[in-house]
Amino acid sequence: MQSTRNVVVVGHGMVGHRFVEALRARDTEGSWRVTVLGEEREAAYDRVGLTGYTEHWDRSLLALPGNEYAGDDLVELHLGSAVVEIDRPARTVRTADGCTFSYDALVLATGSYAFVPPVPGRDLPGCHVYRTLDDLDAIRASAANASKSKSPVGVVIGGGLLGLEAANALRQFGLRTHVLEMSPHLMAAQLDEAGGVLLNRMMRDLGIEVHTAVSTQSIAPAQKRKPLRRSEIDDSLRVSLDDGTAIDAGVVIFAAGVRPRDELAREAGLDMAQRGGVLTDSNCVTSDPNIYAIGEVAAVDGRCYGLVAPGYTTAEVVADRLLGGSAEFPGADMSTKLKLLGVDVASFGDAKGITPNCLEVVVNDPVKQTYAKLVLSDDAKTLLGGILVGDASAYGVLRPMVASELPGDPLALIAPTTGGDAPGLGVGALPDIAQICSCNNVTKGDLTEAIAGGCCDVADLKKCTLAGTSCGSCVPLLKQLLEAQGVEQSKALCEHFSQSRAELFEIISATEIRTFSGLIERFGTGKGCDICKPTIASILASTSSDHILDGEQAALQDSNDHFLANIQRNGSYSVVPRVPGGDITPEQLILIGEIARDFGLYTKITGGQRIDMFGARVEQLPEIWRRLVEGGMESGHAYGKSLRTVKSCVGSDWCRYGQQDSVQMAINLELRYRGLRAPHKIKMGVSGCARECAEARGKDVGVIATDSGWNLYVGGNGGMTPRHAQLLAGDLDDETLIRYIDRFLMFYIRTADRLQRTAPWVEALDGGIDHLRDVVCDDSLGLAEEFEAAMARHVEGYACEWKGVLQDPDKLARFVSFVNAPDTPDPTVSFTERSGRKVPDLRPVSIGMPTIRPLQEMS
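Below is the structure:
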């Protein structure tokens, strides 16, 4: 029997970890002992999701599953162990701390490093690269200083994939952001000119200033001047461009590309590729037959690949080779998909159309800000590649079609439709050889075989095939494929919870669990995702009066709830104070006007009888809230899945047709249900007579006055699928009306699916409105008392979320890194004429802000 051999892996990134996983999964006889030497202090983490670190600052959430190999006696992991020398004749490696490890096979997975162009001043404090968790911690510290400086500005040098990720991070830090790109448009490696120009415009609309066809000449300390306040810091840098302009910034990030970390191999005398990287053949073997290279450091047949998917493929190849297989690197899918600040960008296959005699089908809609291009073979039958900007919803299906014959008219695959799916645009149209998951090289045939073998949900498919376990962009296709194969889908909330939302609501209600981590530890698996985290956050908010930014709940919220304001298309925020029933005092009107004037905000009367103030930056929100709260106003929860407004007509006080006091009833309802978190937003209306001036039957809860009381309608809504509310009960007195609404809302909150409006919820009930009437009016389930008690607890525990932030220094600290921007002479939001009305200019602006202090006492 052959003795166990030693393989040493240099580098513990995503690709190095994938190699260890692949080798251990296949090496059933234990013929290889693995030693992993990682330079970073963290075990392998999701570097593709690096920007997500800025949302929670919890390193453990990025950790790759099983990255410490606990319980595996054949894997030995050493972190913080940088390899400094390879002794090829002795077959050993030496680490910086003097340890020596022998190998029978050596796998280089050293990855790449961030390229920093030779710009004078590139080493100054405040200059960073965007590569590791430590890099982001350093950027965060510089951003905190920059927010207190003369220039609360960040500059990113490089407008590719990594550059836009870095720009997004700076935006999350609250800095005005500039992106510098040498090419005529962003993402020049992935997009053609038309798609790139649209992306430039969309980024500018989001408040990111884009400078193209420029290069950086130098970086130097900006001219010093006396700080405006004692707390102000002035460590700004002046970034000078070759067009003669300059930008003063507190943070500069180099995102100008990466280079393979091949210095260790170079010093060991291994052959190098012409443009860098360790030269390997298609088996990933270097010029030394005992040494392999995988991932970004490997130049397979002379070419380095900078994406995780081909890196994973090289890891699989080497694992197979070490076990006697004959796998070869088949080439790489360089498809990319990016979504930042709501902007979709994708490219796949021959996106630039370099194939001789290829044809292009293009749909360019600058009004809707969408661009789609398909590159076809010269006979227009085979898809070669494509580009999607603004709407990348078709990416999941189109990318696997590359090199396959199209199922129909190419234009129908990307042209907007008035209803229904485009012909052939579905997973059923794909051939079995279509690659569904490019990261892990999983085809449709692999997935259908797994389904036939017993996989019955997305989690099973992930575990069996590894599809969807990397970037996750193919997960929707997995569900579609299961449905197409006739597999009944689980009602599980997501892959991390086998329970439905309603079941999780009952679990949380019946236990004392008040944290996401506690819930997933006892009833779920993994770390959670963007489906279960906000859903659990909503349930926790629905079952207690805790502030949504308390403790770990804060990290569960989406961008709107995270800042208690609605993010707008230009990256600014809107502020909507509550105006119960549309009833507002002259003093409150004046206050809103003064705030809008002082902060340069655009104002608009909403459809829910409120005033929306647009254009606020993150650092301005606390001071705006302070002035509103001190003026007797509170959060209108326009940002939350909760009660929005209760619209009313003027009712019997003023209208000669009014039969009941609709204004007072609307005020009573809005004050009762304000802050009530739900699966989706809730809107109500109260009309004082059958003339329906409050449009109550278009609301989730509609109340219409009669000569003897109120008619109660439920399950209406506007939006993409308008519904008229249905009559639940008629001629109700005030007390009964409120009791029925209490029951209706609590029944909905407990049993609806995530993001399900009341209209489809009512339609989906077994028995529909009749069953609902039995539950609400006749208490057929015996839950009425429980529903009413739950609502009473909500009413008693309600507190304004804005006020909660102002009274709590820890919550207010979320804004500290950007709320001390000094007063500057920069103009406030400017307005332009469009279609005969004034609208805000979407360019980023700088508005002076006083220092925010915690609100300790407030009446």
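Quick note on my numbering: the sequence shown kicks off at 4 and runs consecutively.
Each residue gets a CB set at the ideal place from its N, CA and C atoms; glycine is no exception.
Predicted model only: the values in this text are computed from it and were never measured.
Asked	Found
Beta-bridge partners of W35, as assigned by DSSP	R8
Segment limits, beta strand (DSSP E) that includes E184	R179 to E184
Three-state secondary structure (DSSP) of G389	strand
Between the CA atoms of V242 and A223 - distance to the nearest angstrom	7 Å
Unbroken beta strand (DSSP E) run spanning A397, endpoints	Segment: none, A397 is in no beta strand (DSSP E) and carries neither H nor E.
Pick from A301, A225, M206 and Y106 that is closest to S152, judged by C-alpha positions	A225
Proximity test, G448 beta-carbon vs the ligand GDP heavy atom, cut-off 6 Å	By its list of ligands, the structure shown contains no ligand whatsoever, and the ligand GDP lies outside what it can speak to.
Whole-angstrom distance between R306 and G314, CA atom to CA atom	12 Å
Buried versus exposed, by CB contacts within 10 Å (16 or more), N70	buried
As assigned by DSSP and simplified to three states, the class of M337	coil
Cα-Cα separation between Q220 and S150, rounded to whole angstroms	25 Å
Beta-carbon separation (whole angstroms), M404 vs A437, contact threshold 8 Å	6 Å
Outcome for G356 when other beta-carbon atoms lying within 10 angstroms are tallied against a minimum of 16	buried
Beta carbon of V37 nearer than 7 Å to that of V23	yes
T538, DSSP secondary structure in three states	helix
First through last residue of the alpha helix (DSSP H) which encompasses F332	Looking at the DSSP string, F332 is not in any alpha helix (DSSP H), and its letter there is neither H nor E.
Option in V156, N203, S145 and A197 with minimal Cα separation from L167	N203
Which listed residue (R675, V689, S655 and L267) has its alpha carbon closest to that of Q612	V689
V490 vs T468 beta-carbon contact at 7 Å	no
Inter-residue CB distance, A216 and P187 (contact presumed, cutoff 8 Å)	5 Å
Inter-residue spacing [alpha-carbon to alpha-carbon] between W35 and L109	12 Å
Under the three-state DSSP convention, the category N823 falls into	The predicted model places N823 with a pLDDT of 38, which falls under 50 and marks its position as unreliable; any figure quoted below should be read in that light. Coil.
Euclidean distance between Cα positions of G19 and V303	16 Å
Of the residues M17, R174, Y295 and L136, the one placed nearest D107, counting alpha carbons only	Y295
Helix, strand or coil at H797 according to DSSP, with G and I counted as helix	helix
Spatial neighbours of D246 in its chain, beta-carbon cut-off 6 Å, leaving aside the 5 residues before and after	V217
Within 7 Å, strictly: CB atoms of A762 and G718	yes
Close-in-space but distant-in-sequence residues of the same chain around E184 (CB under 6 Å, 5 per side omitted)	G162 and T215
Where T864 sits in the DSSP three-state scheme	There is simply no residue 864 to check, as the chain begins at 4 and stops at 862 in what is shown.
Terminal residues of the alpha helix (DSSP H) in which T219 lies	Looking at the DSSP string, T219 is not in any alpha helix (DSSP H); the run it does join, the beta strand (DSSP E), is T219 to P224.
Contact check, S512 vs T546, beta carbons under 7 Å	yes
Environment of V461 [buried if 16+ CB atoms lie within 10 Å]	buried
Top-ranked residue by Cα proximity to L481, from Q502, L496 and C459	C459
Rounded separation between S520 and Y56 - CA only	17 Å
Where the beta strand (DSSP E) containing I685 begins and where it ends	I685 to S690
D773 versus L464 - alpha carbon distance	40 Å
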